[in-house]
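A.B. asks:
2 protein chains.
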Amino acid sequence: MNNLKIEIIGRGNVATHLNKALCDTFDINLVNPRTLENFRANSDICLISVSDNAIENIANQLSFFKGVIAHTSGSTPMTVFAKNFEKYGVFYPLQTFSKDILIDYSKIPVFIEASDNDTIDLLKFVASKFSTHIYDTDSNIRKQLHLASVFACNYVNHLYFIANKILQDNSLDINVLIPLIEETTRKIKTTSPEDAQTGPARRNDTKTINSHLDALSKYTDFKEIYDVMANNIIKTYHK
Amino acid sequence: MNNLKIEIIGRGNVATHLNKALCDTFDINLVNPRTLENFRANSDICLISVSDNAIENIANQLSFFKGVIAHTSGSTPMTVFAKNFEKYGVFYPLQTFSKDILIDYSKIPVFIEASDNDTIDLLKFVASKFSTHIYDTDSNIRKQLHLASVFACNYVNHLYFIANKILQDNSLDINVLIPLIEETTRKIKTTSPEDAQTGPARRNDTKTINSHLDALSKYTDFKEIYDVMANNIIKTYHK
Chain A
1 MNNLKIEIIG RGNVATHLNK ALCDTFDINL VNPRTLENFR ANSDICLISV
51 SDNAIENIAN QLSFFKGVIA HTSGSTPMTV FAKNFEKYGV FYPLQTFSKD
101 ILIDYSKIPV FIEASDNDTI DLLKFVASKF STHIYDTDSN IRKQLHLASV
151 FACNYVNHLY FIANKILQDN SLDINVLIPL IEETTRKIKT TSPEDAQTGP
201 ARRNDTKTIN SHLDALSKYT DFKEIYDVMA NNIIKTYHK
Chain B
240 MNNLKIEIIG RGNVATHLNK ALCDTFDINL VNPRTLENFR ANSDICLISV
290 SDNAIENIAN QLSFFKGVIA HTSGSTPMTV FAKNFEKYGV FYPLQTFSKD
340 ILIDYSKIPV FIEASDNDTI DLLKFVASKF STHIYDTDSN IRKQLHLASV
390 FACNYVNHLY FIANKILQDN SLDINVLIPL IEETTRKIKT TSPEDAQTGP
440 ARRNDTKTIN SHLDALSKYT DFKEIYDVMA NNIIKTYHK
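In order, the protein sequence lines correspond to chains A and B.
Residues 1 to 239 (the working numbering) are what the first sequence spells out, left to right.
Residues 240 to 478 (the working numbering) are what the second sequence spells out, left to right.
1) Cβ of A/I112 within 9 Å of Cβ of A/F85?
2) Which of helix, strand or coil does DSSP assign to B/E463?
3) Count the other CB atoms within 10 Å of the CB of A/F81; is the residue buried (16 or more) or exposed (fewer)?
4) How should A/H238 be labelled, buried or exposed, when 16 other C-beta atoms within 10 angstroms of its C-beta is the threshold for buried?
5) For A/I108, which option in A/N231, A/N19, A/D118, A/T132 has the closest C-alpha, if you only look at C-alpha atoms?
6) Could one say the Cβ of B/D340 lies closer than 9 Å to chain A's Cβ atoms, at least one of them?
7) Measuring straight from C-alpha to C-alpha, what distance separates B/G249 and A/S73?
8) Taking DSSP as the reference, what is the three-state secondary structure of B/V395?
9) How far does the beta strand (DSSP E) with A/V68 in it reach, from first residue to last?
10) Would the beta-carbon of A/Q144 fall within 9 Å of that of B/D408?
11) Looking at the C-beta of A/R202, does it have a partner C-beta in chain B at a distance below 9 Å?
12) Measuring alpha carbon to alpha carbon, tell me which residue in B/I401, B/C392, B/H256 is nearest B/K457.
13) Output, in sequence order along the chain, the residues in the region 387 to 403 of chain B whose CB is closer than 9 Å to any CB in chain A.
14) According to DSSP, A/P109 sits in a beta bridge with which residue or residues?
15) So A/F26 and A/L47 are supposed to be a Cβ contact under 8 Å. How far apart are they, rounded?
16) Would you please verify whether the beta carbon of B/N299 is less than 9 Å from any beta carbon of chain A?
17) Taking Cβ to Cβ, would you say A/I8 is nearer than 9 Å to A/V31?
18) On a CA-only basis, which of A/T220, A/G199, A/S211, A/K207 is nearest B/G251? Give me that one, please.
19) Whole angstroms are fine: how far does the CA of B/D263 sit from the CA of B/H397?
20) Along chain B, in chain order, which residues have C-beta atoms closer than 8 Å to that of A/V228?
21) Could you compute how far the alpha carbon of A/F222 sits from the alpha carbon of B/A387?
22) From the DSSP secondary-structure annotation, give me the bridge partner or partners of B/E246.
23) A/A114 by DSSP, collapsed to three states: which one?
24) Could you name the residues of chain A that B/A454 contacts, counting a contact when the two beta carbons are closer than 8 Å?
25) Does at least one heavy atom of the ligand SAH sit under 8 Å from the Cβ of A/A230?
26) So, under 8 Å CB-CB, A/I58 and A/G89 are touching, yes? Tell me the CB distance rounded to an integer number of Å.
27) Does the region 96 to 103 of chain A come within contact of the region 59 to 79 of chain A, defined as at least 3 CB pairs closer than 8 Å?
28) If you compare alpha carbons, which of A/I103, A/I55, A/D205 is closest to B/N292?
29) With C-beta atoms as the reference, is B/A254 less than 9 Å away from B/V307?
30) Let me see if you follow: with CB-CB separation under 9 Å, is A/P33 close to chain B or not?
31) Shorter than 9 Å from the beta carbon of B/I534 to some beta carbon of chain A?
32) Within a Cβ cutoff of 8 Å, which residues of the same chain sit near B/K326, ignoring the five residues on either side of it in sequence?
33) What are the residues in the region 429 to 440 of chain B lying within 8 Å of chain A by C-beta distance?
34) Would you mind telling me which residues of chain B sit closer than 7 Å to A/L180, beta carbon to beta carbon, in chain order?
35) Helix, strand or coil for A/P77? Go by DSSP, reduced to three states.
36) Against B/S378, what residues of chain A qualify as contacts under a CB-to-CB distance less than 8 Å, listed in chain order?
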């Protein structure tokens, strides 16, 4: 099966990394989602790796395709393919991909769902060429995974963005926070996040919280985020 | 100077770890902040490691003390000691401490401020016994550092708490997110948080955002946090 022909439709981070992870094993063709001009209709598999808003539109344009069609989205149900295709599925790699950053693909969990057992097996076979963590899932569970990953990755990164902005505005470098950031991440491998919490809100230290809110007066949006997070932590531990 | 006598007043995480980090080098005495009963008045240094609300009260009870007095707080100004003491300062280790977790003390940045140069040198000497990252700072900059660390540590951990709760409620384990969490942390060592951002809000993918908000209907507080964060990311990148 190693001579499988696979179309990857997309120009974003996920498409770029899937190509890198699979191109040594399979005959991969990267397809521009705007034109679809170099799409090979006789391919075995087509992976659609575009923004959620665009998946259905692209799928509708490929209704002639007889191979296995799948998308790589966390939040789009598999049923987006049910109308036009016989063999279809989802191939969801749970990782944050940036174009120029190297990643150890073997650790990426891949969540598979498909219309039938043969298609599940085929998509798992493809995933097994780079990952050692492959799971069956359904569209609802996958959506919950994606939601959790938005909190644990995208929103965490935005908090790093906020911290970095505050430091830069005081001529400080985010490097002074790296040991703290690494320890915060390391902790949750051995301790539940509930037990790992520390800081002013955990202690209900209103004096420090108010002094921080004062210091944030010139950052209206960050102040709102600080306030919402502090209140939720206080509510979690003290009410 | 290795036979310095140091009082550490506190029973919390920071006091516990400072004792661990320093007890092999100095003559350390841990003092109960509620009673102060075993306090040694002839000590060289007294480190007050209690919640910000309680620092001033304890300092006032120790006005007879002739050694160097310092607190370990990120947000309390050094001037809390100015009324009653001649030699005073701040000894602020920027790390998240949990009682039973081992930490590589050598990487912890310690921020020092003091009333005079001799006291700065003495506090730096103490810090140098465990850390290789020691900085001069003032009360305003230290407050900004503490504020940034609340975002990058406490609030990050609370996002892990939220992700964990969503996963647990769907019989999933936070371990599936560990590669993603580690990659998110690893990225900021080589990429600015601004450039590292990914996800639905970064793409202004309103379809996914709304579907996530729907999925959060039973978690009122988490929904509010999701919404505030999504809006701030969209504003950062799309407005």
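We put the CB at the ideal spot given by N, CA and C, even for glycine.
C.D. replies: According to the data block:
1) Not a contact, by the Cβ cut-off of 9 Å.
2) Correct three-state label for B/E463: helix.
3) By the Cβ neighbour-count rule, A/F81 is buried, with 16 or more other Cβ atoms within 10 Å of its own.
4) Classification for A/H238: exposed.
5) The shortest C-alpha separation from A/I108 is found at A/T132.
6) The residue asked about is misnamed: residue 340 of chain B is Ile in this sequence, not Asp. With 9 Å as the cut-off, B/I340 counts as an interface residue toward chain A.
7) Taking the straight line joining both Cα atoms gives about 50 Å.
8) In the structure shown, B/V395 sits in a helix (DSSP, three-state: H, G or I).
9) Counting along the chain, the beta strand (DSSP E) containing A/V68 begins and ends at 68 to 71.
10) The Cβ atoms of A/Q144 and B/D408 sit closer than 9 Å to each other.
11) A/R202 counts as touching chain B.
12) Of the candidates B/I401, B/C392, B/H256, the one whose C-alpha sits nearest the C-alpha of B/K457 is B/I401.
13) From the region 387 to 403 of chain B, only A387, S388, V389, F390, A391, C392, N393, Y394, V395, N396, H397, L398, Y399, F400, I401, A402, N403 have a Cβ closer than 9 Å to chain A.
14) According to DSSP, A/P109 bridges with A/H133.
15) Contact doesn't hold; Cβ gap of about 11 Å is too wide.
16) No, B/N299 does not count as interfacial toward chain A.
17) Result yes, Cβ atoms of A/I8 and A/V31 sit closer than 9 Å.
18) In this structure, A/G199 is the residue among A/T220, A/G199, A/S211, A/K207 with its C-alpha nearest to the C-alpha of B/G251.
19) Rounded to whole angstroms, B/H397 to B/D263 spans 34 Å at the Cα level.
20) Result: E463, I464, V467.
21) Cα to Cα, the separation comes out at about 11 Å.
22) In the DSSP output, where bridge partners are listed per residue, B/E246 has B/N268, B/C285.
23) It is a strand residue.
24) Near B/A454 (Cβ distances below 8 Å), the residues of chain A are K143, Q144, L147.
25) Only the bare structure without any ligand can be found here, which leaves the ligand SAH out of the picture.
26) No, A/I58 and A/G89 are not in contact; Cβ-Cβ is about 15 Å, not under 8 Å.
27) No contact exists between the region 96 to 103 of chain A and the region 59 to 79 of chain A.
28) Per the Cα distances, A/D205.
29) The answer is no: Cβ separation not under 9 Å.
30) With 9 Å as the cut-off, A/P33 does not count as an interface residue toward chain B.
31) With chain B covering 240 to 478 only, the question about residue 534 of chain B has no answer from this structure.
32) Result list for B/K326: G306, V307, I308, A353, S354, D355, D357, T358, in chain order.
33) Sequence-ordered contacts of the region 429 to 440 of chain B with chain A read T429, T430, S431, P432, E433, D434, A435, Q436, T437, G438, P439, A440 [C-beta pairs closer than 8 Å].
34) Neighbours of A/L180 on chain B, chain order: L333, Q334, T335, S388, A391, C392.
35) It is coil, neither helix nor strand.
36) Within 8 Å of the CB of B/S378, no CB atom of chain A is found; the nearest one sits about 11 Å away.
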